[in-house]
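Quick notes on the structure that follows.
Number of protein chains: 2
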Amino acid sequence: MRLGPILRSFPHIRPRSYPLVHRRHSSDMASVVNKTAHPFDKARFDATLNRRFFYAPAFEIYGGVAGLYDYGPPGSALQANIIDQWRKHFIIEEGMLELDTTIMTPSAVFETSGHVARFADWMVKDTKTGDVLRADHLVKNVLENRLAGDREARGLAAAPPVEDKKRKKKAGKATTLKLDDEVVKEYETILAQLDNYTGPELGELCRKHKLTNPDTDNEVGEPQQFNLMFQSSIGPTGQHKGYLRPETAQGHFLNFNRLLDYNNGRVPFASAQIGRSFRNEISPRAGLLRVREFTMAEIEHYVDPDDKSHPRFKEVRDIAIVLLDRDVQEAGSSETRVMSVGEAVDKGIIANETLGYFIVRIYLFLVNIGINPKRLRFRQHMANEMAHYATDCWDAEIHNATGWTECVGCADRAAYDLSVHSAKTGQPLVVRQALKEPIVTEKETPEWNKKNLGKLFKKDAAVITQLVEALDEPSLLKLKGELAQGSTVVKSEDGKEFALTPEVVTIERKVFKQSIREFTPNVIEPSFGLGRILYTLLEHSFWSRESDVERGVLSLPPVVAPTKVLIVPLSAREEFNPLVQEISAKLRKAGVFSRVDDSNTSIGKRYARNDELGTPFGLTIDFASIPNRTVTLRERDTTDQRIGSIDEVIATVTELVDGTIDWEEACQRLPAYDGVQAVAE
Amino acid sequence: MRLGPILRSFPHIRPRSYPLVHRRHSSDMASVVNKTAHPFDKARFDATLNRRFFYAPAFEIYGGVAGLYDYGPPGSALQANIIDQWRKHFIIEEGMLELDTTIMTPSAVFETSGHVARFADWMVKDTKTGDVLRADHLVKNVLENRLAGDREARGLAAAPPVEDKKRKKKAGKATTLKLDDEVVKEYETILAQLDNYTGPELGELCRKHKLTNPDTDNEVGEPQQFNLMFQSSIGPTGQHKGYLRPETAQGHFLNFNRLLDYNNGRVPFASAQIGRSFRNEISPRAGLLRVREFTMAEIEHYVDPDDKSHPRFKEVRDIAIVLLDRDVQEAGSSETRVMSVGEAVDKGIIANETLGYFIVRIYLFLVNIGINPKRLRFRQHMANEMAHYATDCWDAEIHNATGWTECVGCADRAAYDLSVHSAKTGQPLVVRQALKEPIVTEKETPEWNKKNLGKLFKKDAAVITQLVEALDEPSLLKLKGELAQGSTVVKSEDGKEFALTPEVVTIERKVFKQSIREFTPNVIEPSFGLGRILYTLLEHSFWSRESDVERGVLSLPPVVAPTKVLIVPLSAREEFNPLVQEISAKLRKAGVFSRVDDSNTSIGKRYARNDELGTPFGLTIDFASIPNRTVTLRERDTTDQRIGSIDEVIATVTELVDGTIDWEEACQRLPAYDGVQAVAE
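Going line by line, the protein sequences match chains A and B. So that you can map any letter, position 655 of the first sequence is 1290 in the numbering used here, and since no number is skipped, the others follow by simple counting. So that you can map any letter, position 8 of the second sequence is 643 in the numbering used here, and since no number is skipped, the others follow by simple counting.
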């Protein structure tokens, strides 16, 4: 991981981001502590997020609905901060044109885009209970369990990761059973290219390997397609079919002409949109990782198909990323390699510079908000997995307790989207570019004497014109020669012959000048699933102190932490109020979001509660604060405490939150707190 | 309008808002100029917004869908800035708990809330064409047209405002016809209380006044209810009916227990949410004012039903607002009165302090982002208009080309929402409050000897216990006296008699102490339609210079303006690039959003284009800038130009955007630009 050059190339990142040295410190710490609490305790993690209301099942008091979640105050704030960073990193930095288009979409749009016909998953039905399962998930779960059972039988490992309670109960426990070596190899090959199978092929796998519903052990039927779009109807008559968009992209494409005009007719440019999308998942079971309603952020970058270079590529070309390319997967392996994006583009592994540029920008964004770069890879789509029109496609996959999860897609979709909408609506969706050097061509050109033509040939005139205009250069030259001799004969498809003379037509060499080039731009589409990013970020940030394994700490970078500073008066006594109000007001003025916790419990407990919420800094007001106008500053990850005057501490914490200094630098400014131990950890 | 005290009461507003004196200046100017261009030219205004892509009909290249709009770059940015201000003004200032809940909602929730049964509008069908119209809109349009025709006949006024092209063509032109004075009075009375009619009453009005479809002149049928929720189904089996939420409120109520817990069990507190909602409007025709998909911001403030005072009410009580109360409307008038909110609460016109507090906070928010206070009023709901459970309800109505439009609602919904969900789900949604002083009561209490009771009465024991426990205090005292005498007789409902003795039961006086009070909080709900606010704000900001009537100017306050600063190099020549980049970077660092316009057109044209986009400041880089390091600063509303060093101008423009200084103050710092007139206006 070459992180140095990133910061030099993108100096704008630095002032707003958590200083890299500090963030590395935190994630190193998290991984160390995760090791002490190994394996990662997903149950405790989930319970913490639920208890602190990061998110919770929607409609919980009505029994909930699978795949629908509500974000509570810390989850909403974390999401808003991630969006804010996204907006700065992409929209503002690259001058993108932001859009906000509607979710409800008339059927015709998705008929054109191909979603009505093809935006579907393969589902299988349990032949006895009628339960519905996603076919590829069934194959994955059963084969992974069998492999885990095999590893156990060979004395190599414990049970596999389980995704939820139901599986845990019924299917998660692998049966210890040794498999033949060839079977192991076959299963591994299937899993490595699982996304590459068609529906009928998945059905074939179920039959061949006797894959049954893990919940019931019943056989399953043939895979059937299930369209993932939610359907509704628009207007009072019920005649206008509509769908909830499964992505925001179509809203960009349909506004292409307006966007191009807004950009003064020039490409390349990009549109960007953050908004809600909907997918009626067959059987969502993986918490925030597979939901029916989610917030996306999508970019459509429109580029000249003949020139996919990127002016800023040189700034990123040395940055190394972890790649899992198509060839490796199709060979049945999951082995990644680390490579600079420059090398990957030079070798043709990544299709072009613009795609490579965005892959790096995605990488930087994710690492900047706190994703552990060691648990981030870019996986290329395999042949069957990729849409037929796409040139290349890479997913940013983030590792978490359930394995590797696609969190961002980055595809070169060629001219597909604009072409299909243009063909359907008859509206040109093209760029017209004035050529710097007009293209000058000379060619033989028929010149008609319309009057004589009409008089001589009457209703056959059109046929004759068409015949001659369709001729290629050599044939026209031949015709020219014959006409110079006096006359020639052309023959229609149905064998009719027409004698032509120079009175009707002559062939002349003419010069043509083309000064406008017209083309349909290609689209590079980075598409972010914000809920998945939020969830994996929480996992990467979660650990427990050895001194208090029961309680978690969320080491979120300040730039995304829901609350930046917790103000903790020793007690709710009135004498602390003036200082609490002064400090709150000063932090608000400095643009630092703080909260006061004056609840009736020990300072240590209040800090522990806020460690779970990811609050990076705490200011304690005690009895000494009143006469001395001093406060202590506590850092979440180290639990270090420093002391200083109110204004000094506020200035320091503001810089810490803005990322212009790190904790080490803060410690050089403020002495360690060695007074009476008012804060019991 | 007493604006002075506002700023003293809410000092936080000042630093981030446009200085009041400047904003007043702008809106005064706008109204002056609107007068010169009187009447307001809606067609030019709409054309400008469309051309600059503030918003446009969604799916335009597919022919569009009524009531669905996409926001382009300036519209998205304006919306994002309004949301940002809303978040600061409400969520941060009042420490509200933000939520982000799902749009897709299972049917059961809206069955409980009453939306499935009652969230409907009355529609009528054209008896010949089958066209569907909203019944109240039909009444309004036809009566307003007749009144306009009458005014014309009396020589009093021109044609009425028209809402769209279709109406303009067919129905917008009022027939000049004088009406009887009583008829005029009757029509005016109907219009003043239009929102108070039931469906059958609207039908009656159509028959009585012979109201026909203005597009066809055909009669219409009886009003029928049409539910405004979009319906869908969740999951692959199609068995789970769902609706798209028509408001965000239910997501708050269902999470009440989690929110209360997050707030350490204390009330009052508020939850807040910004998100998309959907209403399948019958016949949306009024642009952004009536749409099928829209962004809302809603607050649910939970308060003790016995104490609706507000701790900060004293800060706002002297602020005067324009009120149109219930009694006035029910008397058939639309006359408003200006009153301080303190007086309105004291007189019982506004039901309580908390409701009054939010009404003022709404007022301040709207004026702060640029709504003209002279075109803002608070209208109280009439008896039939208000939900049966609500205590009081006020709409913030903003005046615009179509009349007065509800943009914010503010209702005291009592305990309705929490009560119905609690009753349906069996989950208590209550606050448990430790009483400071426990409530001590003494009462006569039966004490049973269970052993003897069972032995003597066997299966009748339960009946006897029930009979005695149900007695009131005097009866228990009588029983006590009889038992003291040796025995008594109790009689069951079916006439059976039981003789009781002190061996079975005695009556004793006991002391009870209640230390917990349990109650369902009441809900005060301010609910904002952001699209309507955005649209009316654009109308209030739009005017034209006398020197260039064809082009508009949008005098948006910098705090919400899509772009704050336009950087204008004299030309796209490379020599200007270093300065352009330096200034862009410095503004970005200062947190000021700028754009560069180096397109190949005159500076005057570029400024005019950005006046239409509402960009408040422009920095011009000319040939003098290179040797002197000076730039000129141009203010949008006055077109004043000042000059200064790059750093001076950047510091000044940053303060202007932050609202810490106004243009007058800026002019004291920077001298007027009197050099060569590089900028042709």
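Glycine included, each C-beta is placed from N, C-alpha and C at the ideal position.
From the beta carbon of residue i, is the nearest beta carbon of chain A less than 8 Å away?
i	result
residue 899 of chain B	yes
residue 741 of chain B	yes
residue 693 of chain B	yes
residue 1066 of chain B	no
residue 1062 of chain B	yes
residue 1021 of chain B	no
residue 890 of chain B	yes
residue 1051 of chain B	no
residue 917 of chain B	yes
residue 866 of chain B	yes
Please identify the residue among the options whose C-alpha is closest to the C-alpha of residue i.
i	options	result
residue 1206 of chain A	A/1190, A/1240, A/1187	A/1240
residue 1188 of chain B	B/1076, B/1113, B/1273	B/1273
residue 1150 of chain A	A/1282, A/865, A/1071, A/1176	A/1071
residue 900 of chain A	B/1281, B/1235, B/1285, B/1258	B/1235
residue 1119 of chain B	B/1038, B/1217, B/1141, B/1103	B/1141
residue 1276 of chain A	A/1307, A/1076, A/1249	A/1307
residue 1292 of chain B	B/1222, B/1115, B/1152	B/1222
residue 1318 of chain B	B/850, B/767, B/920	With chain B running from 636 to 1316 in the structure shown, residue 1318 of chain B is simply not present.
Is any heavy atom of the ligand HEM found at a distance shorter than 7 Å from the C-beta of residue i?
i	result
residue 973 of chain B	The model on display carries no ligand, and the ligand HEM is accordingly not part of it.
According to DSSP, which residues form a beta bridge with residue i?
i	result
residue 1028 of chain B	B/1046
residue 1268 of chain B	B/1254, B/1277
residue 1033 of chain B	B/1011, B/1040
residue 1142 of chain B	B/1081
residue 911 of chain B	B/930
residue 955 of chain A	A/975
Answer with buried or exposed for residue i, where buried requires no fewer than 16 other C-beta atoms within 10 angstroms of its C-beta.
i	result
residue 772 of chain B	buried
residue 1058 of chain B	exposed
residue 1295 of chain B	exposed
residue 1309 of chain A	exposed
residue 730 of chain B	exposed
residue 1229 of chain A	buried
residue 1146 of chain B	exposed
residue 760 of chain A	buried
residue 810 of chain B	exposed
residue 1237 of chain B	exposed
Leaving out the 5 sequence neighbours to the left and right, which residues in its chain are closer than 8 Å to residue i when beta-carbon positions are compared?
i	result
residue 1025 of chain B	1016, 1046, 1047, 1048, 1049, 1051
residue 1154 of chain A	939, 940, 941, 1065, 1066, 1068
residue 1062 of chain A	892, 1056
Kindly list the residues whose CB is nearer than 6 Å to the CB of residue i, restricted to its own chain and excluding five residues on each side of it in sequence; keep chain order.
i	result
residue 658 of chain A	Residue confidence for residue 658 of chain A is low, a pLDDT of 34 falling below 50, so the modelled location carries little weight; the figure read from the coordinates is stated next. Correct list, in chain order: 1192.
residue 1132 of chain A	1124, 1126
residue 910 of chain B	883
residue 1136 of chain B	1122
residue 987 of chain A	943
residue 1322 of chain A	For chain A, the structure presents residues 636 to 1316; residue 1322 of chain A sits outside this window and is missing.
State yes or no: is the beta carbon of residue i nearer than 8 Å to at least one beta carbon in chain B?
i	result
residue 893 of chain A	yes
residue 1308 of chain A	no
residue 767 of chain A	yes
Go through its chain and collect everything with a Cβ distance to residue i's Cβ below 7 Å, but skip five positions before and after it.
i	result
residue 975 of chain B	952, 953, 954, 955
residue 847 of chain A	853, 854, 855
residue 992 of chain A	945, 947, 948, 951
residue 1289 of chain B	1225, 1227
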